[in-house]
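Read through the structure below, which is laid out as structure tokens, and then see the notes.
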Amino acid sequence: MILLNRLKSVESLDDLNDVKELGDSILRKEKRRALLTLLAIAEEIDNEEIMESIEKLSGYVAKSKG
Numbered sequence: 247m248i249l250l251n252r253l254k255s256v257e258s259l260d261d262l263n264d265v266k267e268l269g270d271s272i273l274r275k276e277k278r279r280a281l282l283t284l285l286a287i288a289e290e291i292d293n294e295e296i297m298e299s300i301e302k303l304s305g306y307v308a309k310s311k312g
């Protein structure tokens, strides 16, 4: 909702820097939440292979936000 309201108030492209930062922040939070959910599921079913894959993916996400 905050992002949508901010987009409506933009008068020029120069005003979009803070919108990009807000969007990036929201995506980082969602990626982290998704990874934590996957990790909890893998731990619950005690699947080491899935847990290792999630750890690798976590490293990739951390590098991509760099």
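Per the numbering used here, numbering of the sequence shown is gapless, rising by one per residue and ending at 312.
Where is the CB? At the ideal position from N, CA and C, for every residue including glycine.
Inset, instruction - Output yes or no for whether 7 angstroms exceeds the beta carbon distance between SER304 and LEU281. - result: On the sequence shown, position 58 is the one that residue 304 refers to. On the sequence shown, position 35 is the one that residue 281 refers to. Against a cut-off of 7 angstroms, the Cβ pair of LEU281 and SER304 comes out as a contact.
Helix, strand or coil at GLU257 according to DSSP, with G and I counted as helix: Stepping through the sequence shown from its first residue, residue 257 is reached at position 11. In this structure, GLU257 counts as coil in the three-state DSSP scheme.
My output table needs one value for ILE291: the three-state DSSP class, helix, strand or coil. Reading the sequence shown from its first residue, position 45 is the one you call residue 291. Looking at ILE291 - three-state DSSP - the assignment turns out to be coil, as it is neither helix nor strand.
Any heavy atom of the ligand HEM closer than 6 angstroms to the beta-carbon of GLU301? In the structure shown, the ligand HEM is absent, as is every other ligand, since no ligand is present at all.
Q) How would you label ILE287, buried or exposed, when you count the other beta carbons within 10 angstroms and need 16 or more for buried? A) Stepping through the sequence shown from its first residue, residue 287 is reached at position 41. So ILE287 ends up on the exposed side.
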